[in-house]
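Chains as they are written, first to last, in our numbering: chain A, 1 to 136; chain B, 137 to 414.
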């Protein structure tokens, strides 16, 4: 066996088993590395009141309050994850990396290369400070 | 031909590259003393504005690293014709240093945490995640910016990629020694350049409509506009890398691979110009 291995691969039996042992380590390393620890929900308190029809730009989302409806739209582009800019004049989100555009009310794609709509974050509107609590 | 004219191939590009690497490593250690990956943009801005001589050391690290890549590429082109006897294994290791240097430059951009860096990090993460089967593993090993911040990027910038670079270039560096005494002019030029030119930093502005990536990433950024991220971000760079690794100077099929590389670089240059002019 040793001789066959040595002639075919140039390896001794010991080296061959060390190689096999190393290979079996790859699987647990890959499983370990690929595991995503679930993100802990983060509650973001917004103490600043928003005038009806106004909006508030946070790092991860833009919060809109249009009287009867309040919503927080993610600023993460669904194409490649760049941070979106909100354009008030056109009421759209635009990606500065590849210029994908999204509707600010529905989150739907207006122009690609993005194909998926933006994510909404749950918002709780309160009568006192904090006036809004956004869960991201 | 006029007497005394020096051919571009006669210039010691390899020695220049190595000197730039030394300056880059040393200035990197200095910058690392103040840099904090937990608050990358604040930290980088503080180095530029508050830390005494911080702007100079960050510029020195940035530009010496760029020069290192630039000189390494020219060195490769200059000695290519004389490297026919280089063993194939050694060729693989040496040409493999180019993508590693690019990864070092790229992670450096991400670590700035500014508009360019943050976007580059997110794009890299999203491209890698699209690779079938291995995508998540690779992302978790190398980037995972949205999950782990810049912790992994920092580790790989200061340890992993440097180690890989040394591993690939070690036998080459053992043979070709460089006397730093002979490189005084180059080092002085780099120091002077870093005094007068600041390393770029782009803070986030309200209403930003366009962010240009690192200069070597511009063509890819443009391509990502038209093609699926797997094609634009993995297959396209993979095509060039495969041609480079296959283009052994002593190989019989090297004209084919060199033609592929030249065509690829031409297309990439056009795409980069389009992205730059946006």
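Yeah, the Cβ is synthetic: ideal placement off N, Cα and C, and Gly gets one too.
Item to check | Own chain, CB closer than 8 Å to residue 236/B, minus 5 neighbours either side, in chain order | outcome: By one-based count along the second chain, residue 236/B stands at place 100. Taken in chain order, the residues that qualify are 297, 300, 301 and 304.
Next on the checklist: With a threshold of 7 Å between beta carbons, is residue 10/A in contact with chain B?
Outcome noted: Indexing the first chain from 1 puts residue 10/A at position 10. It does not; no Cβ of chain B falls within 7 Å.
Item to check | Contacting positions in the stretch 99-118 of chain A - beta carbon closer than 8 Å to chain C | outcome: The chain labelled as chain C is not found among the protein chains of the depicted structure, namely A and B.
Next on the checklist: What are the residues in the stretch 243-262 of chain B lying within 8 Å of chain A by C-beta distance?
Outcome noted: Cβ contacts with chain A come from 251, 254, 255, 258, 259, 261 and 262.
Checklist entry - Roughly how many angstroms lie between the CA atoms of residue 198/B and residue 257/B, to the nearest whole one? => result In the second chain, counting from the first residue as 1, residue 198/B sits at position 62. In the second chain, counting from the first residue as 1, residue 257/B sits at position 121. Taking the straight line from one Cα to the other gives about 18 Å.
Checklist entry - Taking a cut of 7 Å between CB atoms, which residues from the stretch 32-50 of chain A lie near chain B? => result For the stretch 32-50 of chain A, which is checked against every Cβ of chain B, the residues closer than 7 Å are 33, 34 and 36.
Item to check | Residue interval of the alpha helix (DSSP H) (run including residue 76/A) | outcome: Counted from its first residue, the first chain places residue 76/A at position 76. Counting along the chain, residue 76/A falls outside any alpha helix (DSSP H), and DSSP gives it neither H nor E.
Item to check | Close Cβ partners of residue 2/A (< 6 Å) along its chain, the five nearest in sequence each way excluded | outcome: As a working note, residue 2/A is residue 2 in the first chain. Because residue 2/A carries a pLDDT of 49, less than 50, the predicted location of this residue cannot be relied on, and no value is offered for it.
Item to check | Nearest residue (CA-CA) to residue 96/A, options 35/A, 16/A and 83/A | outcome: The residue you call residue 96/A lines up with position 96 of the first chain. For residue 96/A, the nearest C-alpha among the options comes from 83/A.
Next on the checklist: At the level of alpha carbons, what is the spacing between residue 391/B and residue 384/B?
Outcome noted: For the purposes of this step, residue 391/B is identified with residue 255 of the second chain, where counting begins at 1. For the purposes of this step, residue 384/B is identified with residue 248 of the second chain, where counting begins at 1. In this structure, the alpha-carbon of residue 391/B lies about 10 Å from that of residue 384/B.
Checklist entry - What whole-angstrom Cβ distance do residue 123/A and residue 70/A have, given they're in contact under 8 Å? => result Here residue 123/A is taken as the residue at index 123 of the first chain, counted from 1. Here residue 70/A is taken as the residue at index 70 of the first chain, counted from 1. With a beta-carbon spacing of about 5 Å, residue 123/A and residue 70/A fall inside the 8 Å limit used to define contacts.
Checklist entry - Buried or exposed: residue 138/B, going by 16 or more other Cβ atoms within 10 Å of its Cβ? => result Here the question's residue 138/B lines up with position 2 in the second chain. Caution applies to residue 138/B, whose pLDDT of 48 falls short of 50 and renders its modelled position unreliable; the model cannot decide the point.
Item to check | Sequence-distant residues of the same chain with beta carbon closer than 7 Å to residue 365/B, five excluded per side | outcome: By one-based count along the second chain, residue 365/B stands at place 229. Hits under 7 Å: 262, 263 and 266.
Checklist entry - If we cut at 7 Å on Cβ distances, does residue 345/B have a partner in chain A? => result Here residue 345/B is taken as the residue at index 209 of the second chain, counted from 1. Using a Cβ-Cβ cut-off of 7 Å, residue 345/B counts as an interface residue toward chain A, since at least one Cβ of chain A sits closer than that to its own.
Checklist entry - According to DSSP, is residue 66/A helix, strand or coil? => result Here the question's residue 66/A lines up with position 66 in the first chain. Residue 66/A: coil per DSSP, three-state reduction.
Checklist entry - What does residue 361/B touch in chain A if you count any residue whose Cβ is under 7 Å from its own? => result Numbered from 1 along the second chain, position 225 holds the residue referred to as residue 361/B. Here the neighbours are 98 and 113.
Item to check | Interface residues of the stretch 172-201 of chain B facing chain A [CB-CB below 7 Å] | outcome: Going along the stretch 172-201 of chain B in chain order, one finds no residue with a Cβ nearer than 7 Å to chain A.
Next on the checklist: By the three-class DSSP mapping on this structure, what secondary structure does residue 138/B have?
Outcome noted: The sequence position of residue 138/B within the second chain is 2, counting from 1. Any reading at residue 138/B needs caution, since the residue's pLDDT is 48, under 50, leaving its predicted position unreliable; the model's value is listed next. Residue state, collapsed to three classes: coil.
Checklist entry - residue 125/A touches chain B at which residues, Cβ-Cβ below 8 Å? => result Within the first chain, residue 125/A is the residue found at index 125, counting from 1. Going along chain B, no residue has its Cβ under 8 Å from residue 125/A, so there is no contact; the nearest lies around 24 Å.
Next on the checklist: I'd like to know whether the C-beta of residue 239/B is nearer than 7 Å to at least one C-beta of chain A.
Outcome noted: Taking the first residue of the second chain as position 1, residue 239/B is located at position 103. So no, residue 239/B is outside the interface.
Checklist entry - Taking all protein chains shown into account, do 16 or more other C-beta atoms lie within 10 angstroms of the C-beta of residue 186/B, making it buried, or fewer, making it exposed? => result In the second chain, the residue the question calls residue 186/B occupies position 50. With fewer than 16 other CB atoms across the displayed protein chains lying within 10 angstroms of its CB, residue 186/B is exposed.
Checklist entry - Just checking my contact of residue 372/B with residue 156/B at CB under 8 Å: how many whole Å lie between their CB atoms? => result Sequence index remark: in the second chain, residue 372/B carries index 236 (1-based). Sequence index remark: in the second chain, residue 156/B carries index 20 (1-based). In fact, because the Cβ distance is near 28 Å, the residues do not count as touching under 8 Å.
Checklist entry - Does the stretch 323-339 of chain B touch the stretch 224-244 of chain B, meaning 3 or more C-beta pairs lie closer than 8 Å? => result The stretch 224-244 of chain B, when compared against the stretch 323-339 of chain B, does not touch it at the 8 Å Cβ threshold.
Checklist entry - For residue 386/B, does the count of other Cβ atoms within 10 angstroms reach 16, so buried, or fall short, so exposed? => result Taking the first residue of the second chain as 1, we reach residue 386/B at position 250. Burial call: exposed.
Item to check | residue 204/B versus 219/B, 353/B, 240/B and 216/B, residue with shortest Cα-Cα distance | outcome: Position 68 of the second chain holds residue 204/B. Checking every option, the nearest Cα to that of residue 204/B belongs to 240/B.
Item to check | Collapsed DSSP secondary structure at residue 88/A in the structure displayed | outcome: As a position in the first chain, residue 88/A is number 88, starting the count at 1. The answer is coil: DSSP assigns residue 88/A none of H, G, I, E or B.
Checklist entry - Using a C-beta to C-beta distance shorter than 8 Å, which residues of chain B count as neighbours of residue 80/A? => result Here residue 80/A corresponds to residue number 80 of the first chain, with the count starting at 1. Ordered by position in chain B, the residues that pass the 8 Å Cβ test against residue 80/A are 258, 259, 262, 263, 360 and 365.
Item to check | Complete alpha helix (DSSP H) runs within the stretch 204-249 of chain B (minimum length 4 residues, chain order) | outcome: As far as the stretch 204-249 of chain B is concerned, its whole alpha helix (DSSP H) runs of at least 4 residues are 224-231 and 233-248.
Checklist entry - Should residue 159/B go down as buried or exposed, given a rule of 16 or more other Cβ atoms within 10 Å for buried? => result Translated into the one-based positions of the second chain, residue 159/B becomes position 23. It counts as buried.
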